[in-house]
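**Q** The structure is given below, and queries will be raised subsequently.
Numbering (the working numbering), first residue to last: 43 to 321.
Below, the structure written as structure tokens:
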């Protein structure tokens, strides 16, 4: 089997997929010295869960995501993904491990929808072109788009369609681990709800493990198995939403328990009541 399509060994459900231990993230300052973003941070992501990272500005949510992707090197500590150092994610065979959905989609503007989705699989040179196109069309339909959308260019797409194409591209190598950076940012409420429903469905159908950064409380409450709160240069709690809400910290009070948080929780309760009592 071609290394690019090698399936990584997965832990049992509920076992660690990502382990962050004693992580220090530091960056040099222009005038000398350094700024420390994370100090002795530890976190475990379990197979099959949706773990959401939240925190105030400057707490290093995206930095932590980049550490998990192997894009930033820890100043101290270590990060392992599916049993291997995160720094090895760029090595042969690792392309099938992690799919990444960027905040603005990050589609290649000069490529068609189909070519954007097929990019990683085509670059692997593991399959003939006919099978690459077939796989890309399958992922296109999986995210709720039509075959007729395949020839469109990114400039022709709505915001919701850009997100769906980017998601299809993230899934083209059938990764067991999916990372989402503000997945519903920039979407109107209806498009956001539809995209969250798609993510929920794919998470269940594909058995994905998901790490998500979001400020959107509706998305967080709707999708999260656990929430990891970044504050004071570390993860202060990683737990299901009810336990997080009961944890005493100024950020949690401000972020979750204000008017916006209460409204999002009430909407979630209403949706769950409708689902449990269908007409």
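Idealized CB from N, CA, C, for every residue including glycine.
Can you check DSSP and say which residues form a bridge with residue 219?
**A** Translated into the one-based positions of the chain shown, residue 219 becomes position 177. Residue 219 pairs with 140 and 251.
**Q** Can you look up residue 306 in the DSSP assignment and give me helix, strand or coil?
**A** Locating residue 306 in the chain shown gives position 264, where the first residue counts as 1. Helix, per DSSP.
**Q** Could you tell me the distance, in whole angstroms, from the CA atom of residue 85 to the CA atom of residue 62?
**A** For the purposes of this step, residue 85 is taken as the residue at position 43 of the chain shown. For the purposes of this step, residue 62 is taken as the residue at position 20 of the chain shown. Those two C-alpha atoms are separated by around 5 Å.
**Q** Have a look at 153, 211, 164 and 241 and flag the residue whose alpha-carbon is nearest the alpha-carbon of residue 198.
**A** As a first step, residue 198 is located in the chain shown; it is residue number 156 there, counting from the start. Per the Cα distances, 153.
**Q** In terms of DSSP beta bridges, what is residue 94 paired with?
**A** Here residue 94 is taken as the residue at index 52 of the chain shown, counted from 1. Per DSSP, 254 and 269.
**Q** Assuming residue 276 is part of the beta strand (DSSP E), what are its boundary residues?
**A** Along the chain shown, one-based indexing puts residue 276 at 234. From DSSP, the beta strand (DSSP E) with residue 276 extends over 276-281.
**Q** Restricting to runs no shorter than 3 residues, where is the beta strand (DSSP E) found entirely within the stretch 101-186?
**A** With a minimum length of 3 residues, the continuous beta strand (DSSP E) runs that stay inside the stretch 101-186 are 118-123 and 140-143.
**Q** List the whole-angstrom C-beta distance separating residue 88 from residue 123, where the pair is believed to meet the contact cut-off of C-beta under 8 Å.
**A** Start at 1 with the first residue of the chain shown, and residue 88 comes out as number 46. Start at 1 with the first residue of the chain shown, and residue 123 comes out as number 81. Their Cβ separation, rounded to whole angstroms, is 13 Å, which puts residue 88 and residue 123 out of contact at 8 Å.
**Q** Short check: CB of residue 268 to CB of residue 281, under 7 Å?
**A** Counting from one through the chain shown, the residue named residue 268 turns up at place 226. Counting from one through the chain shown, the residue named residue 281 turns up at place 239. Yes, they are a contact pair.
**Q** Grab me the residues of residue 234's own chain with a C-beta within less than 8 Å of its C-beta, minus the 5 sequence neighbours each way, in chain order.
**A** Translated into positions along the chain shown, residue 234 becomes position 192. Hits under 8 Å: 226, 258, 260 and 261.
**Q** If you draw a straight line from the alpha carbon of residue 140 to that of residue 167, how long is it in whole angstroms?
**A** Residue mapping note: residue 140 aligns to position 98 of the chain shown, counting from 1. Residue mapping note: residue 167 aligns to position 125 of the chain shown, counting from 1. Approximately 18 Å, taken between the alpha carbons.
**Q** Just checking my contact of residue 212 with residue 98 at CB under 8 Å: how many whole Å lie between their CB atoms?
**A** Taking the chain shown and counting its residues from 1, the one referred to as residue 212 is at position 170. Taking the chain shown and counting its residues from 1, the one referred to as residue 98 is at position 56. With 8 Å as the limit, residue 212 and residue 98 do not qualify as a contact, their Cβ atoms being about 27 Å apart.
**Q** Please state whether the Cβ-Cβ distance between residue 92 and residue 252 is less than 7 Å.
**A** Counting from 1 along the chain shown, the entry for residue 92 is found at position 50. Counting from 1 along the chain shown, the entry for residue 252 is found at position 210. In contact: residue 92 and residue 252 (Cβ atoms closer than 7 Å).
**Q** How long is the line joining the alpha carbons of residue 47 and residue 279, rounded to whole angstroms?
**A** Taking the chain shown and counting its residues from 1, one reaches residue 47 at position 5. Taking the chain shown and counting its residues from 1, one reaches residue 279 at position 237. Only weak support is given to the placement of residue 47: the predicted model assigns it a pLDDT of 42, under 50, and the value that follows is read from those uncertain coordinates. Approximately 36 Å, taken between the alpha carbons.
**Q** Just reading off the beta strand (DSSP E) that residue 58 is part of, what are its end residues?
**A** Residue numbering aside, residue 58 sits at position 16 when the chain shown is read from its first letter. Taken as a continuous stretch (DSSP letters only), the beta strand (DSSP E) holding residue 58 covers 58-70.
**Q** How is the alpha helix (DSSP H) around residue 205 delimited, first residue to last?
**A** Position 163 of the chain shown, counting from 1, holds the residue named residue 205. 201-213 is the extent of the alpha helix (DSSP H) around residue 205.
**Q** Between the stretch 144-153 and the stretch 215-230, can you find at least three pairs of beta-carbon atoms closer than 8 Å?
**A** Flag = yes, the stretch 215-230 and the stretch 144-153 touch.
**Q** Can you tell me where the beta strand (DSSP E) holding residue 80 begins and where it ends?
**A** As a first step, residue 80 must be located in the chain shown, where it is residue number 38. Taken as a continuous stretch (DSSP letters only), the beta strand (DSSP E) holding residue 80 covers 76-88.
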